[in-house]
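Residue numbers (the numbering used here), protein chains in the order written: chain A, -7 to 330; chain B, -7 to 330; chain C, -7 to 330; chain D, -7 to 330.
Ideal placement from N, C-alpha and C gives every residue a C-beta, glycine not left out.
To start, the structure itself, in structure tokens.
4 protein chains.
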Amino acid sequence: MIIVLRPDATEKQVNHLVAKIKSLGLKPWVSKGVERTIIGVIGEEDIIRVQPLEVFPGVERVLQILKPYKLASRDFKKEDSVIDVGGGVKVGSKKLVVMAGPCSVESEKLLIDIARKVKKAGATVLRGGAFKPRTSPYAFQGLGVQGLKYLAQAKKETGLRIITELMDIRDLDTVLKYTDIIQIGARNMQNFNLLKEVGKTKRPVLLKRGMANTIKELLMSAEYVLSEGNFSVILCERGIRTFEDATRFTLDITAVPVIKNLSHLPVVVDPSHATGKWGLVGPCAKAGIAAGADGLIIEVHPKPEEAMSDGEQSLVPANFEKLMKEIEKIAEAIGRTL
Amino acid sequence: MIIVLRPDATEKQVNHLVAKIKSLGLKPWVSKGVERTIIGVIGEEDIIRVQPLEVFPGVERVLQILKPYKLASRDFKKEDSVIDVGGGVKVGSKKLVVMAGPCSVESEKLLIDIARKVKKAGATVLRGGAFKPRTSPYAFQGLGVQGLKYLAQAKKETGLRIITELMDIRDLDTVLKYTDIIQIGARNMQNFNLLKEVGKTKRPVLLKRGMANTIKELLMSAEYVLSEGNFSVILCERGIRTFEDATRFTLDITAVPVIKNLSHLPVVVDPSHATGKWGLVGPCAKAGIAAGADGLIIEVHPKPEEAMSDGEQSLVPANFEKLMKEIEKIAEAIGRTL
Amino acid sequence: MIIVLRPDATEKQVNHLVAKIKSLGLKPWVSKGVERTIIGVIGEEDIIRVQPLEVFPGVERVLQILKPYKLASRDFKKEDSVIDVGGGVKVGSKKLVVMAGPCSVESEKLLIDIARKVKKAGATVLRGGAFKPRTSPYAFQGLGVQGLKYLAQAKKETGLRIITELMDIRDLDTVLKYTDIIQIGARNMQNFNLLKEVGKTKRPVLLKRGMANTIKELLMSAEYVLSEGNFSVILCERGIRTFEDATRFTLDITAVPVIKNLSHLPVVVDPSHATGKWGLVGPCAKAGIAAGADGLIIEVHPKPEEAMSDGEQSLVPANFEKLMKEIEKIAEAIGRTL
Amino acid sequence: MIIVLRPDATEKQVNHLVAKIKSLGLKPWVSKGVERTIIGVIGEEDIIRVQPLEVFPGVERVLQILKPYKLASRDFKKEDSVIDVGGGVKVGSKKLVVMAGPCSVESEKLLIDIARKVKKAGATVLRGGAFKPRTSPYAFQGLGVQGLKYLAQAKKETGLRIITELMDIRDLDTVLKYTDIIQIGARNMQNFNLLKEVGKTKRPVLLKRGMANTIKELLMSAEYVLSEGNFSVILCERGIRTFEDATRFTLDITAVPVIKNLSHLPVVVDPSHATGKWGLVGPCAKAGIAAGADGLIIEVHPKPEEAMSDGEQSLVPANFEKLMKEIEKIAEAIGRTL
């Protein structure tokens, strides 16, 4: 922590800060520059991070030196984490993982049909929402528990692992019965109580970046899960809010290598939600893999015209299959496999 | 709903869309322009809004005509809603309402001290967090139920109404026992299940705008509460995420008149969270009132240096008192009272 | 300047940096913390600011302590600058300055008519574009020199001071003949050669904030003008680009007090461009004054339906007059005059 | 153009609009829906686009149907444009084009050394700034004409084509003497007079997207060049401003396929400026190619520690060479060549 003082800061103000720092068991060092005096703080930055130093008289700015997350940090764990989601599927290894399926679970028959098709194309995890966060209270809210049961049936028939979203703490036990990976959606990235609860389970978690959240905040939300003892966290870049309106969100492709630098956790890209348009899913999926992502999560629906949600961003199975072949080539080009 | 076709759209594609629209019980009209054919849809826009028309072959773009919210809309209710929060305090009338208090409830003594001071300065509602959403799992998370009890005590001693944040559905019944207004924080603006639950109570709700949410989305989240039968919703502008880093968020002051045009619900401004710096709270509070807000929610702490959260954006009571006098003058200038 | 090293930085890397700093005539001090070593640099920060220290091996991050602008800074000049634009009109004093007029100069008759009306309502500067920056090459591009002549005529008839935009260095001498204040538009805020050229004149400059520029960058662009010897710079907040699409731009009202803290230069608010809608101009104009702005620049047109540009954001003279009366009351409430 | 009326719009207001539309030689059609009347306008949308229809009484919103750019549009020209920049180098064909070199031209010796190295690695165009747009007036502003001469010398020695930035209309003739591609920087994307002037030349232009500009605005700026008769325009995605501060800008990778859909013009990606950090250049360059870009523009410097600008984002030649080999594999994977 570096405290930058105002040019007119008095000796008394400096001493007041020094006393405060010492009272916290930390070590201050004062450096007088040409234009500004600055105070460095040596010791556990966590102790002082929560102090409102900016309100101390004479303080101009406070600069943090250390990262506010620990367990999620590459400093804490040098080697890449590989998350075992069961059934031989591991996220974060040389082999890419593709999760695919409909936005919402709509019917058993349809789901199993999609499951078979995405499996054939190379996906190893089936996605499908049973509880849907919808902007409008009047939109389809998902099939609920019935949807979860269909997912279980699809797993039984295909052997695919299952990922589904948990929105409500009250549904945790139910969701745990049916899913291999718990998805925390973008709108819940800072639902801290929900994060703590999934942290208490040992089930793998896919944590989506909030649409207005920085990479640092994503890692701090991951820290909530990790600090409860659950180290099986997969991060997901799914687009952020910007002024550009040609797409639903702006895929922050650079987040992939940035996260890889800062953290040991694997990261997947969601080109369906990032773009909101099926015609853009392919280029963005390929870009995600080229940028170093460990996998993809893609919406697939055989009849997008009739999809109960997100039809406009769903690939039909034939296009998904074609894309998988292209991704396989990109994977090879960068020394990975699909 | 207007469907804009691609320049190369075929007759068959047009007919396919027309058939779909008719099958939904709606009325299509087709207009062939110089460069584009467009199809208008007459009837309940809600029915067609959830259809993924953009995936139909030949479609270039789909334009919504009607607002996706109903009950929150000024079209639904022409006159301003005035929310009675009890104790003679009404939000949305000519008289402004100022809610003030500490970020977190820290101790009974401190809280009651602040309560007395903000009351004396003219505040009629006491704010204070018992459950705190914190970016870091290692930061102070609030006193919980004990904090709620202190709020109740402060109410007893001062007569101020109470507002406190609800983060977790499991705490709803407890929070209802102690608060007059349920605050839904920015990070929970799209926690739709939480919105539904507070919608089922009849308790007034202060709904904060999410940091990356549009005004339209704020109104749709309000619609979640209203559609459950709770019409006592107060909206709150508290700053949005932008590229500007001189402040914590960017106060979207124009949201005040925009919301007033679109909706009948009252709107208050939170200059403390919007700016993140106590020295900017005054100018932004005054700007909020000048722009037409129905009130303010302001953080006040007698010793910001020792505050357990948000010290850097808290006013000391003397500055709050001074600000209230200035706000009174602005109120008069625009024909309102404090 | 603070250089934060990576946790694995070697002694050799530290020495390499220390040597570099010394070779620049600056003084390094090295501090070893629990998790990170940091190096502070004492001396002229300008010398080291341009060094790409982040590429030195072992460096994690570089933190700037000092502001990159000097002459525009409040540190350089404590008291508020008051810019004399002639004719007794001074921007930055207790008395507010309102600049008003059409977006584009369209005809002499119309311009003089508007000039008389805005003068009667209390404006002291007439705005009007002769050279118009238009997003589309097919849109009306302004009357050019003829427009400047009409402005001169309007000045002659009303005594109002003139402000008009300069887009092209080649037009500088011509524009100087007709205008009292040179406006640099948002799209030219970082047209550095243009800034240097207006810096070489002594004519007052109104510098608009770019739609994607930080306050810091605005002050650095002002520095371009100041460093050429022209200290008559008025800053203008006119809205920034954000994800919110209910308005054309998002008025960053907090920029007003932030600029007042950082700089001695006066600042005015442009509610017309910030909102893009005439119905929002009034609330935002009042908010701007309440937040501490030194003036306003507002578009006025008697027949917005026929305006050749920006009709949707222009006030009719009657509404402008009404607004001026409201602003007068706000001005009084905060101890200023109109 | 679709005009949406307010629910309370009167018959008289509708007639007033209808009359206006007819007076422009266009054809109105009125459609009365359940909640709103809307008026469609058939005919040249350009005529009505510049009309401020939103100020007409009774109008709620105006929706544009057609794109405001013509010549840049894929509707205007179906097949991809291939821009011949001389020396056998063509941008927009199956073969990718990589432009590489230092941020600023610093000395003849250094430039020629870099030129040889990037050529050996596979680049076919040499980049280098002689006129530099710098945020600070105190930063190195480029060597000017001397820099251009060094570029010419490097071309002579290596056969590489040259790209350099034009900032000032007054330098146009000089720059034309030395460069094969005129670069228009992000800060000048809406310097419309500069665009017109380069449009009057027939020299290829690389037009960078402004940091706060939409893809639509980029295409409208391209339209400025095209409408003057210069069809040799290469577009460049170089990152936009967002709230994320882990990188200098946010690379909008999806802009690549979006532009490919909307326009026939080729598009290249600039991973150096987009990220601002050399360690992120590789992943983003690969992502750009995987997403469908026609080429890259990359900063290369043998001693980034001593670079006079942008050292932190420059690759050393060895890393550039390594990256080129990786890009070659990605190119093959998607059916292109390097």
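Short Cβ contact (8 Å threshold) for residue i with residue j
i                     : j                     : result
residue 155 (chain D) : residue 171 (chain D) : yes
residue 258 (chain D) : residue 75 (chain D)  : yes
residue 9 (chain C)   : residue 39 (chain C)  : no
residue 270 (chain C) : residue 313 (chain C) : no
residue 33 (chain C)  : residue 46 (chain C)  : no
residue 206 (chain D) : residue 238 (chain A) : yes
residue 296 (chain D) : residue 309 (chain D) : no
residue 199 (chain C) : residue 225 (chain C) : yes
residue -7 (chain A)  : residue 287 (chain A) : no
residue 217 (chain D) : residue 260 (chain D) : no
residue 126 (chain C) : residue 184 (chain D) : yes
residue 88 (chain A)  : residue 323 (chain A) : yes
residue 325 (chain D) : residue 321 (chain A) : yes
residue 231 (chain D) : residue 203 (chain D) : yes
residue 146 (chain C) : residue 135 (chain C) : no
Identity of the residue in the options nearest residue i by Cα
i                     : options                       : result
residue 96 (chain A)  : A:240, A:261, A:216 and A:298 : A:298
residue 233 (chain A) : C:236, C:157 and C:31         : C:236
residue 35 (chain B)  : B:26, B:261, B:56 and B:51    : B:56
residue 268 (chain C) : C:221, C:280 and C:306        : C:306
residue 93 (chain A)  : A:25, A:301 and A:323         : A:301
residue 266 (chain D) : A:273, A:246 and A:263        : A:246
residue 58 (chain D)  : D:122, D:208, D:293 and D:14  : D:208
residue 72 (chain A)  : A:84, A:135 and A:327         : A:84
residue 211 (chain C) : C:221, C:254 and C:193        : C:254
residue 78 (chain A)  : A:164, A:291, A:262 and A:117 : A:117
residue 315 (chain A) : A:81, A:112 and A:227         : A:112
residue 62 (chain A)  : B:149, B:128, B:98 and B:51   : B:128
Whole-number beta carbon distance between residue j and residue i, since they are thought to touch under 8 Å
i                     : j                     : result
residue 120 (chain B) : residue 103 (chain B) : 6 Å
residue 249 (chain B) : residue 275 (chain C) : 4 Å
residue 334 (chain B) : residue 182 (chain B) : Shown here, chain B extends from -7 to 330; a query on residue 334 (chain B) therefore has no answer.
residue 319 (chain D) : residue 281 (chain D) : 6 Å
residue 133 (chain A) : residue 124 (chain A) : 6 Å
residue 6 (chain D)   : residue 22 (chain D)  : 6 Å
residue 138 (chain C) : residue 158 (chain C) : Between residue 158 (chain C) and residue 138 (chain C) the Cβ distance is about 16 Å, and since that is not below 8 Å, they are no contact.
Residues that residue i contacts on chain A, provided the C-beta gap is smaller than 8 Å
i                     : result
residue 161 (chain B) : 160, 161 and 162
Closer than 7 Å: residue i CB and nearest the ligand MN heavy atom
i                     : result
residue 180 (chain A) : In the structure shown, the ligand MN is absent, as is every other ligand, since no ligand is present at all.
Under 7 Å by beta carbon: chain B residues contacting residue i
i                    : result
residue 60 (chain A) : 128
Chain B contact residues for residue i, given Cβ-Cβ distances below 9 Å
i                     : result
residue 268 (chain D) : Simply none; closest approach about 14 Å.
Proximal residues of chain C, C-beta to C-beta of residue i below 9 Å
i                    : result
residue 95 (chain B) : What residue 95 (chain B) touches in chain C: nothing, since even the nearest Cβ is about 19 Å away.
Under 8 Å from the C-beta of residue i: neighbouring residues of chain C
i                     : result
residue 67 (chain A)  : -1 and 27
residue 284 (chain B) : 275
Amino acids of chain C, ordered along the chain, whose beta-carbon sits closer than 7 Å to that of residue i
i                     : result
residue 214 (chain B) : Ordered by position in chain C, no residue passes the 7 Å Cβ test against residue 214 (chain B), which lies about 15 Å from the chain.
When you check each C-beta in the region 12 to 32 of chain A against every C-beta of chain C, which residues fall closer than 7 Å? For the region 12 to 32 of chain A, the set of positions with a beta-carbon nearer than 7 Å to some beta-carbon of chain C reads 21, 23, 25, 26, 27, 28, 30 and 32 in chain order.
Residues of the region 97 to 130 of chain C whose Cβ lies closer than 8 Å to any Cβ of chain D, in chain order: Taking 8 Å as the cut-off between beta carbons, the residues of the region 97 to 130 of chain C near chain D are 125, 126, 127, 128, 129 and 130, in sequence order.
Which residues, taken in chain order from the region 222 to 239 of chain D, show a beta carbon closer than 8 Å to some beta carbon of chain B? Those residues of the region 222 to 239 of chain D that come within reach of chain B (Cβ to Cβ, closer than 8 Å) are 233, 234, 235 and 237.
Under 7 Å (Cβ pairs) to chain D, residues found in the region 296 to 308 of chain C: Of all residues in the region 296 to 308 of chain C, only 296, 297, 299, 303 and 304 come within less than 7 Å of chain D when Cβ atoms are compared, listed by chain position.
When you check each C-beta in the region 309 to 320 of chain A against every C-beta of chain B, which residues fall closer than 7 Å? From the region 309 to 320 of chain A, no residue has a Cβ closer than 7 Å to chain B.
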